[in-house]
């Protein structure tokens, strides 16, 4: 069935890189997404990757996709305190804009 | 371009009542999806509308319903509210132009926080 798994917590020092990992089950997913949620807010789209790509870079964000292992990661370079939030991995599955979300990884950035 | 807007932002209801939430998509976006977010279940897909038709539905009881208008605005309704319906309800819109790659990408609104007492 459809399932997306993420680790729940990550703590990093300001200026270091953060790597958030995600595994998914639906090999037919065309797109995979990363969203960010700050307290009391909706979901902000960070980036997405098409399933035929291995990597996508967007400023401080790098997404790596290992389709064989169904593993997706988000690397944030030079992590800042403003990056503290919950990060959700999502796969487009089940047709017609149905996103399956992971439980979210809470990123804490400390000085 | 304005983002997805949702009204109201906060709502308090009592058990047994019904509620209607509204969502206005990004201008030009034709697909609207609804999600429920709770601490216990996380983010769960409710349904998706395109051209006033429900094309996809999640595993929620029939008390949850929705509709889409000709201007792509959407409403969702929850009847006979239960305590467990307390959640953040998120609406997302996408361009949904099948001829163009990447237009399924969903952009979310700020959500409506519903509290059922």
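Protein chains in written order, with our numbering: chain A, -16 to 94; chain B, 5 to 121.
Beta carbons are placed, not taken as given, at the ideal position from N, Cα and C, and that holds for glycine.
- A contact between stretches requires three or more CB pairs, one per stretch, nearer than 8 Å, and the segment 7 to 14 of chain B meets this requirement with the segment 25 to 44 of chain B.
- In the three-state scheme derived from DSSP, where H, G and I count as helix and E and B as strand, residue 89 of chain B is classed as helix.
- Any Cβ of chain A closer than 9 Å to the Cβ of residue 59 of chain B would place that residue at the interface, and such an atom is present.
- Cβ neighbours of residue 7 of chain B within its own chain (closer than 8 Å, five residues either side excluded): 30, 111 and 113.
- Between residue 89 of chain B and residue 99 of chain B, the C-beta gap is not smaller than 9 Å, which leaves the two residues out of contact.
- Within the model, the alpha-carbon separation for residue 24 of chain B versus residue -4 of chain A is close to 44 Å.
- For residue 10 of chain B, the enclosing beta strand (DSSP E) covers residues 9 to 11.
- Per DSSP, the continuous beta strand (DSSP E) segment holding residue -11 of chain A begins and ends at -13 to -11.
- The beta-bridge partner set that DSSP reports for residue 84 of chain A consists of A:73.
- Three or more Cβ pairs drawn from the segment 50 to 59 of chain A and the segment -5 to 14 of chain A lie within less than 8 Å of each other, which places the two stretches in contact.
- The residue from A:58, A:72 and A:62 with its alpha-carbon nearest to that of residue 83 of chain A is A:72.
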